[in-house]
Amino acid sequence: MKPAFPSAASAAPAGGSIGPVPRHVAIIMDGNGRWAKARRLPRVAGHRQGIEAVRRTIRAAGDLGIEALTLYAFSSENWRRPAAEIADLMGLLRHYIKSELNELAREGVRLRIIGDYRKLEPDLVRMLDDAVERTANNTRLTLAIALNYGAQDELLRAARRLMREARAGEVDPDTLDDAAFEARLDTVGLPRLDLLIRTSGEQRLSNFLLWQAAYAELIFTDTLWPDFDREHLVAAIETFGQRERRYGGL
Ligand code: FPP
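Numbers 1380 to 1629, taken from this note's numbering, label the letters of the sequence shown in order.
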């Protein structure tokens, strides 16, 4: 493996004195259900507030000079939830894309989708493809939304593709390197993942970005996702700045 890890310190400078800003931040947005339960509200109310936290976080990430923000919105395992909750989440996503697309475009956000999202409802797939196309030339912040995403599924899809390419003589298995492998992952073209945050106190990766998180700093916060705001993001970046990253060296 090549040791060429771009340093986060060389990333875009922070607006203030918060230290080195990670180029690529990913978030496991957990705790919507518990946020709602604590208020005796239906779970969908937690997801709705979760979308407010998404809006705040995107704005803050752009302001802070983060280049890419990847959000885990629906995992390939979330299909195990009750049909009504899945329908609520898909409805919220539809509404979010419809109502937010102009604002995202105005804020210079380039939308990407990672995961096997083509298995979602056809109208939603069309809407997402259209949003990705409409924002393709924006450069301020790349927002990658993970939909029907599972890291093991992403790795398997990449492996299947490589095997097909090898069978066709397009790839030589003996010279395949990490860059060629990464080029077949959903995250192709995004900066190397620097920081992965999970809210709500759980300390697991839950099948999120398993390849990409190899040298990412991990931060777990007790804050429930609907309560997450700019201050929590700034605090996570400050903690990130205090970590010593050695990438296996000394
Ligand atoms: C985890 O909370 C959250 C989810 C499974 C969904 C996250 C989705 C959103 C915030 C809204 C859609 C996103 C975008 C980008 C528009 P949980 O329900 O597992 O909470 P719990 O563990 O407390 O039950």
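Think of the CB as a built atom: it goes at the ideal place given N, C-alpha and C, for glycine as much as any other residue.
From the listed residues 1523, 1584, 1418, the smallest Cα separation to residue 1565 is found for 1523. For the 8 angstroms CB-CB criterion, residue 1529 and residue 1579 do not form a contact.
No heavy atom of the ligand FPP is found nearer than 7 angstroms to the CB of residue 1419. For residue 1478, there is no enclosing beta strand (DSSP E); the enclosing alpha helix (DSSP H) covers residues 1462 to 1485. Around the beta carbon of residue 1625, fewer than 16 other beta carbons lie within 10 angstroms, which makes this residue exposed.
In the three-state reduction of the DSSP assignment, residue 1521 falls in the strand class, which pools E and B.
DSSP links residue 1403 through a beta bridge to 1447. Here DSSP, grouped into helix, strand and coil, assigns residue 1430 to helix. Only residues of its own chain outside the window of five on either side were considered, and among them 1422, 1425, 1426, 1428, 1429, 1603, 1604, 1605 have a CB closer than 8 angstroms to the CB of residue 1411, listed in chain order. The DSSP-derived three-state label of residue 1457 is helix. Relative to the ligand FPP, the beta carbon of residue 1528 is positioned no closer than 7 angstroms to any heavy atom. A straight-line Cα-Cα distance of about 10 angstroms links residue 1539 and residue 1532. By the neighbour-count definition (other C-beta atoms within 10 Å, threshold 16), residue 1514 is a buried residue. Counted as a single uninterrupted DSSP element, the beta strand (DSSP E) harbouring residue 1490 occupies residues 1488 to 1493. Checking the 7 angstroms criterion, the Cβ of residue 1408 is within range of a heavy atom belonging to the ligand FPP. Ranked by how close their Cα comes to the Cα of residue 1506, the residues 1516, 1518, 1490, 1517 have 1490 in first place. Note that the segment 1474 to 1493 does not touch the segment 1454 to 1466; fewer than 3 beta-carbon pairs, one per stretch, sit closer than 8 angstroms. The Cβ atoms of residue 1595 and residue 1612 lie no closer than 8 angstroms to each other. Residue range 1596 to 1599 is occupied by the beta strand (DSSP E) that includes residue 1596. Proximity of the beta carbon of residue 1412 to the ligand FPP is indicated: a heavy atom of the ligand is located closer than 7 angstroms.
DSSP lists no beta-bridge partner residue for residue 1541. Straight through space, the alpha carbons of residue 1534 and residue 1607 are spaced by roughly 30 angstroms.
With contacts defined as CB atoms closer than 8 angstroms, residue 1408 and residue 1448 fail to qualify as a contacting pair. In the three-state reduction of the DSSP assignment, residue 1527 falls in the strand class.
Here DSSP, grouped into helix, strand and coil, assigns residue 1452 to strand. Taking 7 angstroms as the cut-off, one finds at least one heavy atom of the ligand FPP near enough to the beta carbon of residue 1475.
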